[in-house]
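Residue numbers (the working numbering): 63 to 178. All C-beta atoms, glycine included, are put in the ideal place defined by N, C-alpha and C. Down below is the structure, laid out as structure tokens.
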Amino acid sequence: MKAPEDVTPEDLAPYGIGAPDAEGWYTDYRPLPPHLRPSPPAAPVRPGSSDKPAVEVDGSWYALLSNWRLVVADLKDRGIDLYDPVVLAGPWLSIRAAIFSLIDSNSRLRAALTRR
63 MKAPEDVTPE
73 DLAPYGIGAP
83 DAEGWYTDYR
93 PLPPHLRPSP
103 PAAPVRPGSS
113 DKPAVEVDGS
123 WYALLSNWRL
133 VVADLKDRGI
143 DLYDPVVLAG
153 PWLSIRAAIF
163 SLIDSNSRLR
173 AALTRR
């Protein structure tokens, strides 16, 4: 099995949908065979412990959107009202950073997204 960084556009070309770009990559692909798929990540391990997995927080967009009410509430506690016209007119990157900072801090969102 190749490492993900060793997979070339030529390896994936038979599975490409549409026309490739200048570098040979397609915008979409049919399901890949197992030998071309990346290996799943290993469970994180706590420092000083080799047998217990660390607490894992699901920071995916799906998880965030599934808990959107907590995102809104936690940001409101920090003084950011997502529905304020001034905030809506501002840059998205600052809001994105504020949302992801909720995952790194002690928040209701982090508690909801924590897998033990």
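If the five residues before and after Y91 are omitted, its C-beta is found closer than 8 Å to the C-beta atoms of L74, Y77, G78, I79, all from its own chain and listed in chain order. In the structure shown, E118 adopts extended strand secondary structure according to DSSP, grouped into three states. Classified as buried, N129 has 16 or more neighbouring CB atoms from the shown chains inside 10 Å of its CB. Taking G121 as reference, the option from V69, S167, W87, E72 with the minimal CA-CA separation is S167.
Residue state for R99 is assigned as coil, using DSSP reduced to three classes. Rounded to whole angstroms, R140 and Y88 show a C-alpha spacing of 42 Å.
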